[in-house]
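Worksheet for the structure shown next.
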Amino acid sequence: MIVAIDGPAGSGKSTVARALAARLGFRYLDTGAMYRCVALAAIERWGAEGVAGRLAPPLDGAEIADLAAGLQIELDEGSVKLNGQAVERQIRTPEVSEAASAVAAVADVRSALVAMQRALVADGDWVAEGRDVGTVVAPDADLKVFLVADPAERARRRAAELGADARTVLAEQAIRDARDSEREHSPLVAAPDAVTIDTTGLTIEQVVEQIAGLACDRAGAGGGDSGP
Ligand code: DC
Numbered sequence: 002m003i004v005a006i007d008g009p010a011g012s013g014k015s016t017v018a019r020a021l022a023a024r025l026g027f028r029y030l031d032t033g034a035m036y037r038c039v040a041l042a043a044i045e046r047w048g049a050e051g052v053a054g055r056l057a058p059p060l061d062g063a064e065i066a067d068l069a070a071g072l073q074i075e076l077d078e079g080s081v082k083l084n085g086q087a088v089e090r091q092i093r094t095p096e097v098s099e100a101a102s103a104v105a106a107v108a109d110v111r112s113a114l115v116a117m118q119r120a121l122v123a124d125g126d127w128v129a130e131g132r133d134v135g136t137v138v139a140p141d142a143d144l145k146v147f148l149v150a151d152p153a154e155r156a157r158r159r160a161a162e163l164g165a166d167a168r169t170v171l172a173e174q175a176i177r178d179a180r181d182s183e184r185e186h187s188p189l190v191a192a193p194d195a196v197t198i199d200t201t202g203l204t205i206e207q208v209v210e211q212i213a214g215l216a217c218d219r220a221g222a223g224g225g226d227s228g229p
């Protein structure tokens, strides 16, 4: 069974997806971590300005896409390895967040990563989270959830996580939201058959319970080989 969880940064996606996977005994795939790995590798190779220059309009991300196709990315229950090196902390900096959103707009980067993601979720039970899991990576997912939350609340959550200023996070978030939603390739949109949940004012536990309930219903309705 595949549960796809998509939504913008700060919607509670990662925390909810991880907790839900633990609750259901499913494996967890953080597709955003893969875009972050590409961004980190690109910054290590060319520096942040060099990356920005390679992604300036008119967008031609060929060099970044070549780099992405050659990377070895290993994800295992929260541990992230890039070419054999543990990079969980390095991929969460504001610089990498910004570059990840930019590299994610390159069509050939997306197709390289989507192929890796599809291969991963081909077997077993998964909770996979990102922006295009329900629309592109796993359009046949048994359950698709689209999480949303008030932008100010999302910025407050992210700021608390990062120990950063909420107003700065809100401004940067607006830029990334616009880019993620307006890009030509696989923009952030809810799949037509996704269940949208507004997490503003809800606890993680409440959201997890709600989705676990939906997953049980789908499994009961014959939505997978092994239900939760
Ligand atoms: O979920 P996150 O913040 O770790 O994602 C980092 C960036 O990668 C974000 O700007 C959007 C992009 N992304 C994407 O385009 N498609 C995905 N499936 C996951 C993330």
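Under the working numbering, the first residue of the sequence shown is numbered 2, with each subsequent residue one higher. The beta carbon of each residue, even a glycine, is placed where N, CA and C say it ideally should be. Computed from a prediction, not measured in an experiment: that's the story for all the values here.
- Message: Threshold first: 4 residues or longer. Then list the alpha helix (DSSP H) segments lying entirely within the stretch 104–151, N to C.
- Response: 108–122
- Counting pairs of beta carbons, one from the stretch 89–104 and one from the stretch 32–50, are three or more of them closer than 8 Å? yes
- Query: Is the Cβ-Cβ distance between Val128 and Ala66 less than 9 Å?
  - Reply: no
- Within 10 angstroms of its Cβ, does Glu168 collect 16 or more other Cβ (buried), or is it exposed? The residue asked about is misnamed: residue 168 is Arg in this sequence, not Glu. It counts as exposed.
- Query: Is DSSP giving Arg28 helix, strand or coil here?
  - Reply: strand
- Message: Is Ala179 close to the ligand DC? I mean its beta-carbon at under 8 Å from any heavy atom of the ligand.
- Response: no
- Along the chain, where does the alpha helix (DSSP H) that runs through Ala172 open and close? 167–183
- Can you list, in chain order, the residues of its chain whose CB lies under 7 Å from that of Gly8, leaving out five sequence neighbours each side? Lys14, Phe147, Leu148, Val149
- Taking 8 Å as the line, does the beta carbon of Thr16 fall inside it for any heavy atom of the ligand DC? no
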